[in-house]
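> Provided herewith is a single structure, encoded as structure tokens, for subsequent inquiry.
Protein chains: 2
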Amino acid sequence: MTPEQRAQKVISGDVRAAARLMRDIDDNQPGWRQVLKLLHARAGQARVIGLTGSPGVGKSTITDALVERFRAQGLTVGVVAVDPTSPFSGGAILGDRIRMQRHATDEGVFIRSLATRGHFGGLTSSARGVVTVMEAMGLDVVLVETVGVGQDEVEIVRMADTTVVVTVPGMGDDIQAIKAGILEAGDIFVVNKADRDGAGRTVNELKGMLHLSGDHSRRAGWEPPVLTTCATDGKGLDELVSTLAEHYRVLSADGGQMLAQRRREGLRRELLELIQAGMMEYLLERLDQGEGLAPVIERVMAGREDPYSASENILASILGD
Amino acid sequence: MTPEQRAQKVISGDVRAAARLMRDIDDNQPGWRQVLKLLHARAGQARVIGLTGSPGVGKSTITDALVERFRAQGLTVGVVAVDPTSPFSGGAILGDRIRMQRHATDEGVFIRSLATRGHFGGLTSSARGVVTVMEAMGLDVVLVETVGVGQDEVEIVRMADTTVVVTVPGMGDDIQAIKAGILEAGDIFVVNKADRDGAGRTVNELKGMLHLSGDHSRRAGWEPPVLTTCATDGKGLDELVSTLAEHYRVLSADGGQMLAQRRREGLRRELLELIQAGMMEYLLERLDQGEGLAPVIERVMAGREDPYSASENILASILGD
């Protein structure tokens, strides 16, 4: 099948073609970029919502509840669950199947897990690609759920129009558990499992951190609220949905200038990542053509060269300076 | 001061010069690489031990206990606490001061926190640099403590000769809480707070995951043990110290072939990271000289170009293909 045919199938709503393309993206199979190039003109139509938080805070439960509520509004929903913590690639797929069952008879929901690791810029690039595919499928809302603990995950949530940061009371040292980048990236903070001891303290700590952090450039005109939920029994979820709607209204005000600005920033990051990944591919190819790193490593191990000088020499030879 | 003078001061044990150099590394101030080039010949003499785990599992308590025990053996100890979760740069420094007080009168202990973010390859590169400085200072053991949750942290623990992965019973979904890369990188696993419910189950789950994961190439001849500790009351720490010694004996057997192989792998990663960071610097410089990304972003926003083609075009223009 040509890239054009594959793209056309995705746009016409062929779920199997879309699923195959997403798998190719996750596995970094050749050819996916050609299809994505054709799909890109269809992107930018969906509302992209990021959910992030440590393992065990209840992100999946909240995601599922949001899916139900968006469906009740008549919106179609895509879910991208990014799980780099899954030690076995089968884990994510199994998780997909279990979660899919809840929505198995609902054609308005499309769920896909990603567990890519190991290639440069892999996870962020894959997640963006899968979001683009979901947008091209015509889904109205795309929820991107990540374990929000590393730099990769911060990058991923930054591609969203709205980022929800989920935490729970009493996660050891609460302040430590929120990364600086995530604090800055969050538009809405949720303290889940709020029936537990210490929920009020966690809310106040978060408010204090948000007040102190000061970097509100990303969210001019929006004071990030701190909500409380008990996702398992549904408490606070309607307020989360209405707060999400309110944030989208703020982003879309004045002809959508804030939304466009946010997407510009996301695009800048995406371009830099793509260029970086391309440079690394070029570098590794050039190293393969030459003597490779092995003799350099031996020279450094023997103390005849230091790694800083060695890397500068390699760079100079590759870039021709 | 010339780089030669700065290097000489560090080698001669000038603590203030070493501290200043580490701060320059963390802040990526110009000049630190020149000094590191000169210090590198002094590296490779210390035993480097990595400790990693989620926030709140008790890494700092274990680290402090190890410092005491190594000091009792007459060894000098450096601690590099990598804390990218700290939302305010002051946090790490304050933490340093508090922790330093315990060892304030002990000249055989040197503690340094790192919170670098934001420059390409920043945290890993900084951590390696600080370890090199500590080795050049002549410290016998260097403990690198990281919040082991993101890809950066996996890279950091991979620079250690021995990696200790710390977890606690009942961290939500226990299996999710251990990243695949960390499972592969771990030489010794510790279930801390083992007086809590579920400790036995966590130990068994870890053993099962280690058995299933199968990737033992990094640790030929070493079956990673799963230990239990209660660091706050000292239980299990002597066993941890003796297991660390045992692992170092295995690494050093047969003329230290395993140790050398591990350091070769670490060096390969370091070189690739340094080259990647250098390429990104070159890229950003070239972009600044040209039209930059702004017009490209506008073309993509307007749907006249897709990000994949745009990044390919930029790469081709920079690399001259």
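Just so you know, the sequences run in chain order A and B.
The working numbering numbers the first residue of the first sequence as 196 and each following residue consecutively.
The working numbering numbers the first residue of the second sequence as 196 and each following residue consecutively.
Here a beta-carbon is modelled for each residue, glycine too, at the ideal position from N, C-alpha and C.
Small disclaimer: the values here were computed from a predicted structure and weren't measured.
1) Can you find a CB in chain B that lies within less than 8 Å of the CB of residue 240 of chain A?
2) Over what stretch of residues does the beta strand (DSSP E) that includes residue 488 of chain A continue unbroken?
3) Can you tell me the Cβ-Cβ gap for residue 336 of chain A and residue 277 of chain A, rounded? I've got them flagged as a contact below 8 Å.
4) Identify, in the order they occur along the chain, each residue of the same chain with its Cβ nearer than 7 Å to the Cβ of residue 301 of chain B, setting aside the five sequence neighbours on each side.
5) Quick one: grab the DSSP three-state call for residue 202 of chain B.
6) Check whether the region 252-267 of chain A and the region 415-428 of chain A are in contact - that is, three or more C-beta pairs closer than 8 Å.
7) Determine the extent of the alpha helix (DSSP H) in which residue 506 of chain A is found, giving its start and end residues.
8) Would you list, in chain order, the members of the region 477-496 of chain A that have their beta-carbon closer than 7 Å to a beta-carbon of chain B?
9) Could you give the residue range of the beta strand (DSSP E) that holds residue 242 of chain A?
10) Considering only C-alpha positions, which residue in the set A/220, A/436, A/506 and A/509 is nearest to residue 385 of chain A?
11) Here's the rule: buried if 16 or more other CB atoms are within 10 angstroms of the residue's CB, otherwise exposed. What is residue 196 of chain B?
12) Could you check which residue in B/360, B/272, B/379 and B/463 has the C-alpha nearest to that of residue 488 of chain A?
13) Would you call the region 444-453 of chain B in contact with the region 468-488 of chain A, where contact means no fewer than 3 C-beta pairs closer than 8 Å?
14) Which residues in chain A have a C-beta closer than 7 Å to the C-beta of residue 470 of chain B? List them in chain order.
15) Looking at chain B, is there any beta carbon in it that lies within less than 8 Å of the beta carbon of residue 402 of chain A?
16) Could you please give me the residues that DSSP links to residue 384 of chain B through a beta bridge?
17) Can you give the Cα-Cα distance for residue 327 of chain B and residue 237 of chain B, rounded to whole angstroms?
18) Would you mind sorting residue 407 of chain A into buried or exposed? The rule is 16 or more other CB atoms within 10 Å of its CB.
19) Roughly how many angstroms separate the alpha carbons of residue 320 of chain A and residue 465 of chain A, rounded to a whole number?
20) Quick check on the DSSP output: the alpha helix (DSSP H) that includes residue 255 of chain B runs from which residue to which?
21) Going by beta-carbon coordinates alone, are residue 244 of chain A and residue 355 of chain A separated by less than 8 Å?
22) Taking 8 Å as the CB-CB limit, is residue 393 of chain A close to chain B?
23) I'd like to confirm the pairing. Which residues does DSSP put opposite residue 447 of chain A in its beta bridges?
24) Assuming residue 331 of chain B contacts residue 491 of chain B (C-beta within less than 8 Å), just tell me the rounded distance between them.
25) Which residue marks the beginning of the beta strand (DSSP E) containing residue 309 of chain A, and which one marks its end?
26) Going along chain A, which residues have a C-beta under 8 Å from residue 503 of chain B?
27) For chain B, find out if any of its Cβ atoms is closer than 8 Å to the Cβ of residue 246 of chain A; answer yes or no.
28) Going straight from the alpha carbon of residue 306 of chain B to that of residue 258 of chain B, what length do you get?
29) Give the DSSP bridge partners of residue 340 of chain A, in chain order.
30) Flag residue 463 of chain B as yes if its beta-carbon sits less than 8 Å from any beta-carbon of chain A, otherwise no.
31) Pair every Cβ in the region 208-217 of chain B with every Cβ in the region 498-509 of chain B, then say whether three or more of these pairs are closer than 8 Å.
32) Taking just the CA atoms, how far does residue 509 of chain B sit from residue 495 of chain A?
33) For the putative contact between residue 333 of chain A and residue 208 of chain A, defined by C-beta atoms under 8 Å, what is the C-beta separation to the nearest angstrom?
34) When you compare the CB of residue 353 of chain A with every CB in chain B, is at least one pair closer than 8 Å?
35) Tell me the DSSP bridge mates of residue 430 of chain B?
36) Along the chain, where does the alpha helix (DSSP H) that runs through residue 390 of chain B open and close?
According to the structure shown:
1) no
2) Per DSSP, residue 488 of chain A belongs to no beta strand (DSSP E) and is neither H nor E.
3) Not a contact, Cβ separation roughly 17 Å.
4) 266
5) helix
6) yes
7) 502-514
8) 477, 478, 488, 491, 492, 495 and 496
9) 242-248
10) A/436
11) exposed
12) B/463
13) no
14) 478, 506, 509 and 510
15) no
16) B/360 and B/421
17) 8 Å
18) exposed
19) 8 Å
20) 254-267
21) yes
22) no
23) According to DSSP, residue 447 of chain A bridges with nothing at all.
24) Their Cβ separation, rounded to whole angstroms, is 44 Å, which puts residue 331 of chain B and residue 491 of chain B out of contact at 8 Å.
25) 304-309
26) 228, 231, 232, 235 and 469
27) no
28) 11 Å
29) A/246 and A/276
30) yes
31) no
32) 34 Å
33) 7 Å
34) no
35) B/425
36) Premise fails: residue 390 of chain B is in no alpha helix (DSSP H) and is neither H nor E.
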